[in-house]
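Below is one structure; the comments refer to it alone.
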Amino acid sequence: MDATELDIDAKLYKASGDLISELQAKLPLLVWHDGHLRKRLRTHVPYKKSAGLCLILDGFQEWPQLLDPVLASLIGTIVEGFTTFITQYPDAYEYQAKAPPDSTPTDAIVPLPTALSWLLYTFCKVRGYKVIVRLLSNEPRYVEPMIRCIREWNDTATTKSMPGLVWPQKYIMQLWLSHLMLAPFELSTLSTANTPSVDTKLQHLCQNLPAVAQDILSVALGSLTSPSKERESAVILLVRLALRRDVQAINLAARLVEYSSSCLLDGEVQAHTVYHYLGHLSLLYSVVNLGTASEVAPFLTQVYTLADRLAISGSSNRITAIRDLALARKYFVKTLRVCLTHAITLTDSVDGLDEETTNSWLEGSIQFFLECLGDKDSPVRMAASKALSVVALRLDASMAAEIIEAVLGALSENVLLEDPRTLRVITKTDLPDDQTTLYIRNLSAVDPLRWHGLMLTLGHLLFRRSAPLHQLPEIIEALLLGLEFEQRSHAGTSVGVSVRDGACFGIWTLARKYSTRELEDVDSTSIAGVSISHQTAEQSVLQVMATRLVLSACLDPSGNIRRGSSAALQELIGRHPDSIVQGIPVVQVVDYTAVARRSKAMIEVTAQAAALGQEYHEALLHALIGWRGARAADADSRRWAAAALQILCNLTPLTLKIQTLQKLNDGLHRLGPRNLATTAGARHGLLLCVAAVIDSMLTSSASQAREMLLLVDSIDITAVAGDLGSRANADMEVAMEGICTFVESLAKFKSTIDDVDHGHFASQILPLVDRCIVTAERPLTIEASSKAIVAVFPLLQEPDQIGLVESWLDVQQQQKHADLVCTGRLTAMAHLHALCRHQPSSVRILNFLQAIMGAKDSLIEVKTAAMESLCILVRSLPPQNLTSLPSLRETLIAGLTDYTNDQRGDVGSLLRIQSLEAVDALRTHEPEDLLSELTPYIARLAAEKLNKVRYRAWHCLREIWKASDGKERLSDSFQHLEDVSSEAYYRHLLELMSTEKLREHLVIGLYSSFGGTDEVNRACCTAFASFTLDMDIDSRVDFVHMVLMTLVKHLTHIAPGEDRDIVPALGFMTFILNQEFISDLDLRTNWTDVWDMTQKVHNSTCSLERTNTLAQLYRVLAQVPLMRTKSLDKLTRQLLHRYPKIRNGAADILYGLGLKEDFVNADWNAAPVTNKPLVLDIRRRLKVAKATAG
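Structure follows, in structure tokens:
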């Protein structure tokens, strides 16, 4: 994953000042009518305003500490408003404020406590509830009002059919009550006006409890089984109540344990929801977790027995149903963990809890924790790993070592050994233990979920220093294996990220908790894989870990792992600075932020890290041809790996280059012949890396080049290319890209070696490249195949060169009017034109490209490719040869005016943009006459509706204008795509109307923009109006007359055309006439030509859109005395149109013209025959009954 350049936290930091100021200004106004004066409390507030403040707070989740300076004041405002409401205005909650009648749900009016509860919940979500609760009021006088409000507001909702307390209210109010339970006085001393309402089933829990405690118990138990967040606050409230000193004497905690046990084990499975079980499990865990050993001693055995039965020994349907819940299994683990820690403390001090019982508990629970390390749900694995580390910390060293031994034993299960030379895989039991370190660990058969849990366990054990020193070699070996762990699911997605993340955590804790001397005493040769390389065998364990972290930080496909590895590396070098080669420079290069973007990490950071020492250089070189580089899952990563490998090979001795090339060649020969899925990807990456190694030899000496040539010639190109005979697909194209890149590098390398005839090689490789060119469809593959043929072409003998070009042209000539024209060959021929020494063939290439542009049945993609080839060709030709190109002007104009449309839309824009590129290439040769003829068409495109075309045309026009003598330079202020959609841009474009040859084309472009998006239409119209009004009256009349006559002439010419051209032009004309820029327009305008144009456009097959637009034009023309009768004739005829939409539109226009003739009472949706007598009467009264269309 490639991270963005700008991190969200950096943006938040810049905006935090304004956001906090906004919170400080708006929050008091939400609570009080008079803001900071705080005299008049609001009882109801708009939901939209509180939601807006919540949205601002949500943005601080990336960096919650930014709120700390103002947190107390903001929470204080909310607390003051909330407490004032519940003490002074509790009855106002019943009043249901009405929103406006046309309001949406977001316009609702809600009670103030509801809005404040949402805000407090958002604060808890952002900053953590433990921080927020400390800022709430702890005055005992709010206990009774809080309980009363919870009861009354819920009762009101039930009796009056109003919405009750929303879950954030219950969550916040119960949290607040739990905070008030910390008050150091007995609850019996609190007076209450409430009459406790307790369910008969809960009477046994309330015996001897104070009235306040009964109220709290009833409220909390009501929320204990809720599916929302209020369940968590209910558990906290119950535990706080049960563990109060005055309530402990009544033994409420034991009663709650008994009550939850019965709720979990009694009744039918279908009688309760999953939240019922989760609530009671959470209560059991919280009671034993928050209580001290002495407080939980009376019911510890009961809780453990219940947890053990639910998690391990029980087998009933109810227990199975509970066990299927991931959160339930998590609570099992956490409850058993807490019970064990209490049991270790209480052994022999509580009846029934002797050493034998404790050991039995430990044995069963630890085995359960080990099994949970492979659970399918991450929360369960994380809870189990923490449980093992916490329990191991409480045990003596020998028993803790046994737990670690069990974890390490689990890590060795299903691990295979792979011979680094032959890649033969064997089981670990087939070799003596002292020989296994020479083999690579193969993890393809292990369970990734279990390994994730085991990695987390090692990290937690190391964090608590539970691991003895003699076990560090095995732990380090496991962590290093986990750091390079990768597996893929059947769908192709990675399932090894979590394992590598756990390994990063483990190495970080190892570096943090163990001293330099302790780690340096570990023998690195005892770690598997280290002794394979001669260089790494001589390194310390600290250096080995640092090198592996550098590899992970530079090359790992996951951004989180790269950053995690960088953090672990920083911790390792920071704690042990003198034990790592170039320690400080490595930390500076492999920076946390530098490795965020993968392309930068793989190319720039890798190159910089390799330059710091041979240790890093050799390790990175080896890793780049592995699964994180040449065999990466995505194509971009493989390309970046090849780019990085070339940089490293430039600084690599020849022997190491040869070794690397041999490994790559061996890897290619081990691939299957079919180019599918991972095989195609691996072939692509390995061939790109082979090309990179060969490219690094282009600047080497002649002797080194000849030595490398011996190895390069031994590569069987046909074999490493695989099977290219099957149907082309995405996998095939990726493989072909690698093949063509390899061929290009190989051809370039061979061309540097003199005195060797490479004609045979070129002739042999040509069919393979030609196959890739013919099959390629994606731009990257087409580019790579074109480059390959260009590199091979000079190696051919001249007869072979002529034969290649002629054969291509013959085949293409037969297909030039079909869909089978090969775009790859078109691109290649443009490059070959400059290399072709045979003049007739060169001329044929030019003629062929221009013939494709002139063919009417060529696909737009083929034309675009031909224009791109022509662009390449123009750049390569000498300036004096441009004038001799036949039909170049016509070809470019055809491309600039191509408006082909199909089901995909305006696909001709692709050709127009490519034609602009060709004109830009032509501009560098400065053929002034040709450019002068093309400028009007470019000006037209600079005013058209498509943003990308307009943007590219503007830049092309500006450069042409800049190169022209005697012309004022165009503005340089429109540098971005959004700039050419502004009013200022169109206003600047209209200044070019002073150039006579551009006027007609600019008008055509402007009416195109009129038919564009709302933004473009608005900018175009506003600019045109302001530009026109800024003129003096004479200039304005001339200008508007010129624009109108240009539109009339153009519409007359394209009258049989399509709506996409005619409708915007008619609309633009209507807009101009409707603005009344001049008062005496009828004295200068030939209205006969205007009317003739409308009649050519308004034929019997008009679409609805064109008819509607013409009706608007008739509306404007009806205000011209000479055109009034004819326009009314057309509009009244449309009252009998076959479509109701046209009839209604015509009626509205006639009514708007001041004609009140029965238009209001008539039903224009009825059949035309119904209204025909009325229409004939209207026409007779308007004296248009005998008007002619001419």
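Counted from 1, the sequence shown has number 390 at position 386 by the numbering used here; the numbering is strictly sequential. C-beta atoms are modelled at their ideal positions from N, C-alpha and C, and glycine is treated no differently.
Asked                                                                                                                         : Found
CB contact flag (Val450, Val411, <8 Å)                                                                                        : no
Helix, strand or coil at His456 [DSSP, three-state]                                                                           : helix
Test item: CB-CB of Ile897 and Arg956 under 8 Å                                                                               : no
Nearest neighbour of Gln1079, chosen from Leu1033, Thr513, Lys867 and Cys776 [CA to CA]                                       : Leu1033
Ordered list of alpha helix (DSSP H) runs contained in the region 609-692, each at least 4 residues                           : 610-614, 618-627, 639-653 and 658-674
Unbroken beta strand (DSSP E) run spanning Arg445, endpoints                                                                  : Ile444 to Asn446
Close beta carbons around Ser237, own chain, < 6 Å, minus the five adjacent residues each side                                : Tyr175, Gln178 and Leu179
Three-state secondary structure (DSSP) of Pro589                                                                              : helix
Per-residue burial, Ile588 [other beta carbons within 10 Å of its own, 16 or more giving buried]                              : exposed
Boundaries (first-last residue) of the beta strand (DSSP E) holding Val1101                                                   : Val1101 -> not in any beta strand (DSSP E); alpha helix (DSSP H) instead, spanning Trp1091 to Val1101.
Beta-carbon contacts of Thr1056 that lie in its chain and below 7 Å, excluding the five residues immediately before and after : Met1097 and Lys1100
Bounding residues of the alpha helix (DSSP H) (the contiguous stretch that carries Leu340)                                    : Ala330 to Leu350
Residue burial classification, Tyr263 (beta-carbon count within 10 angstroms, cutoff 16)                                      : buried
Assigned secondary structure, Asp703 (DSSP; H/G/I helix, E/B strand, else coil)                                               : It is Thr, not Asp, that sits at residue 703 in the sequence shown. Correct three-state label for Thr703: coil.
Simplified DSSP assignment, three categories, for Gln1138                                                                     : helix
Given Ala557 as reference, the closest of Arg1022, Glu488, Gln586 and Thr309 once Cα atoms are compared                       : Glu488
6 Å Cβ shell around Gly21 - same chain, five flanking residues per side excluded                                              : none
Integer Cβ distance of Leu116 from Leu78, believed to fall under 8 Å                                                          : That pair is no contact at about 16 Å.
Same chain, Cβ closer than 7 Å to Leu458, neighbours up to 5 away in sequence not counted                                     : Leu377, Val411, Ala414 and Leu415
Where the beta strand (DSSP E) containing Glu422 begins and where it ends                                                     : Leu420 to Glu422
His621 to Ile786 span [Cα, whole Å]                                                                                           : 34 Å
The region 294-301 in contact with the region 313-331 per 3-pair CB rule at 8 Å                                               : no
Check whether Gly463 and Gly496 have beta carbons under 8 Å apart                                                             : no
Residue range of the unbroken beta strand (DSSP E) whose run includes Pro50                                                   : His48 to Pro50
Between the CA atoms of Trp512 and Leu473 - distance to the nearest angstrom                                                  : 17 Å
Alpha-carbon spacing of Leu1186 relative to Val1007, whole angstroms                                                          : 36 Å
Straight-line Cα distance separating Val501 from Ser919                                                                       : 47 Å
Contact set for Leu483: own chain, Cβ-Cβ below 6 Å, skip 5 residues either direction                                          : Ala507, Gly510 and Ile511
Among His1141, Ile1146, Gln1138 and Trp1095, the one whose alpha carbon lies nearest that of Leu1126                          : Trp1095
Reduced DSSP category for Pro115 - H, G, I as helix; E, B as strand; rest coil                                                : strand
Check whether Gln854 and Thr904 have beta carbons under 8 Å apart                                                             : no
From Gln907, Leu268, Glu737 and Gly726, residue whose alpha carbon lies closest to that of Ser320                             : Leu268
Neighbour-count burial assignment, Arg428, 16 or more Cβ in a 10 Å radius                                                     : exposed
Same chain, Cβ closer than 8 Å to Met857, neighbours up to 5 away in sequence not counted                                     : Lys867, Ala870, Met871, Leu874, Thr895, Ala898 and Gly899
Residues of its chain near Thr1174, where Cβ-Cβ distance is below 6 Å and the 5 sequence neighbours each way are ignored      : none
Endpoints, beta strand (DSSP E) assigned at Ile323                                                                            : No beta strand (DSSP E) contains Ile323, which is instead part of the alpha helix (DSSP H) from Asn321 to Arg327.
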